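Chains as they are written, first to last, in the numbering used here: chain L, 214 to 343; chain R, 325 to 496.
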Amino acid sequence: MFDFNTTVLVVDDMTTMRKIVQKALKEIGFSNFVEAADGQKAWEVLNETSSVGLVISDWNMPNASGLDFLKRVRSDGRYKGLPFVLLTAESELEQVKEAVMAGVDNYIVKPFTPAMLEQKLEETHKKKAA
Amino acid sequence: MGAEKLDEEKVATKLDGDFLNPFISATKNVLQTQANTDLSAGKPYIKRLGDVDALTEIAGVISLTCEQFKGSIAVCFNSEVFLNIYENMVGEKHEEITEDVQDAAGEILNIIFGQAKTVLKGKNYVLERAIPTVLVGEKLRIRYKSKIPTIVIPFETKTGTFHIEIIVDLDN
Ligand SMILES: [Mg+2]
């Protein structure tokens, strides 16, 4: 599993969803978080926070979407290997293909339980370590 | 009176179980999964002009647009039930509905809509993508006065009931 001391960047335009994700991450064992409400802010926060070791990001957001953010992250050498998990609605599963092409590591569909998120993170970590 | 009956018939023909059931299952699934809240669904009914509304203090609303009809769906809560679900979902206890917690009503409906949309696609209802809004206070009262008839699906939780309302725009 990821180092629980790492900082997780949680990105979603809905305050409630950012809180839901952080509550689940706390239950899993993480305790350091930074957050952003769109892809543009997320990019700024990422550059200001050197301890970010995992990104969990929504797709549909104003200004810059999760995909825009992902592409920006992957195009920057510093973040090539940064674990990036997409948060998506069930009706938007077609987006996952596009995200995979752009270099996403995994995705989780809303609604989810902390156990479901934990499993996705385990998978992601294993993939990254392989 | 005759016109009202006719409207109800029109609503009933446009919205059968095929359309309603995916919303019922999605509501149960979303609240159980995301808010750890068990619930049971009651029988859907048509709300008529003059019927007393269940107390609604906050509602998430999304428009429903497909080839067959236009309308909207709302998930309606009183504050006790809403704040209880919010606490289960987010882990924060609140005594009243403030701006901080309001967007949860939209997000809950958004996830329900996403699930139902996928199932409905398989039944030839192709719903357009839509963004939820949240109604509280005066905006809620306006909505309540304007549209009738409405299909109501009641749900029972440990803290009380909430309901889903589907309004069909009969001009279309
Ligand atoms: Mg979003």
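Glycine residues also receive a C-beta, built at the ideal position from the N, C-alpha and C atoms.
Bear in mind the structure is a predicted one, so any value in this text is a computation, not a measurement.
Counterpart residues of L:Tyr320 in DSSP-defined beta bridges: Indexing the first sequence from 1 puts residue 320 of chain L at position 107. Looking at the DSSP assignment, L:Tyr320 forms a beta bridge with L:Leu299.
Range covered by the beta strand (DSSP E) that runs through R:Gly384: For this step, residue 384 of chain R is matched to residue 60 along the second sequence. Looking at the DSSP string, the run of the beta strand (DSSP E) that includes R:Gly384 is Ile382 to Thr389.
Beta-carbon gap between R:Val443 and R:Pro368 smaller than 8 Å: Counting from one through the second sequence, the residue named residue 443 of chain R turns up at place 119. Counting from one through the second sequence, the residue named residue 368 of chain R turns up at place 44. No, Cβ-Cβ distance for R:Val443 and R:Pro368 is not below 8 Å.
Contact belief for R:Val399 with R:Leu433 at Cβ below 8 Å, rounded distance in angstroms: Locating residue 399 of chain R in the second sequence gives position 75, counting from the first residue. Locating residue 433 of chain R in the second sequence gives position 109, counting from the first residue. Yes, R:Val399 and R:Leu433 are in contact; Cβ-Cβ is about 5 Å, under 8 Å.
L:Met227: CB within 7 Å of a non-hydrogen atom of ligand 1: Translated into the one-based positions of the first sequence, residue 227 of chain L becomes position 14. At least one heavy atom of ligand 1 is nearer than 7 Å to the Cβ of L:Met227, so yes.
Cβ-based neighbour list, L:Ala344, same chain, cut-off 8 Å, excluding 5 preceding and 5 following: No statement about residue 344 of chain L is possible, as the shown extent of chain L runs from 214 to 343 and does not include it.
Proximity of L:Ala250 and L:Val258 at Cβ, strictly below 8 Å: Within the first sequence, residue 250 of chain L is the residue found at index 37, counting from 1. Within the first sequence, residue 258 of chain L is the residue found at index 45, counting from 1. No, these two residues do not count as a Cβ contact at 8 Å.
heavy atom of ligand 1 below 7 Å from L:Asn276 C-beta: Residue mapping note: residue 276 of chain L aligns to position 63 of the first sequence, counting from 1. Result no, Cβ not under 7 Å from ligand 1.
Validate contact between the region 399-416 of chain R and the region 478-491 of chain R using beta carbons, cut 8 Å, 3 pairs: yes
C-alpha gap between R:Gly267 and L:Glu303, whole angstroms: What the structure shows of chain R is the stretch from 325 to 496, and residue 267 of chain R is not part of that stretch, so it cannot be assessed.
Same chain only: Cβ atoms within 6 Å of R:Val335, ignoring 5 sequence neighbours per side: The count along the second sequence starts at 1 and reaches residue 335 of chain R at position 11. The answer, listed in chain order, is Pro473 and Val492.
Neighbouring residues, chain L, relative to R:Gln439 (Cβ below 7 Å): As a first step, residue 439 of chain R must be located in the second sequence, where it is residue number 115. Simply Glu303.
Cβ of L:Lys333 within 8 Å of any chain R Cβ: For the purposes of this step, residue 333 of chain L is identified with residue 120 of the first sequence, where counting begins at 1. No, no contact with chain R.
Per DSSP, cross-strand counterpart(s) of L:Asn218: For the purposes of this step, residue 218 of chain L is taken as residue 5 along the first sequence, with counting starting at 1. Note: L:Asn218 sits in no beta bridge, so no partner.
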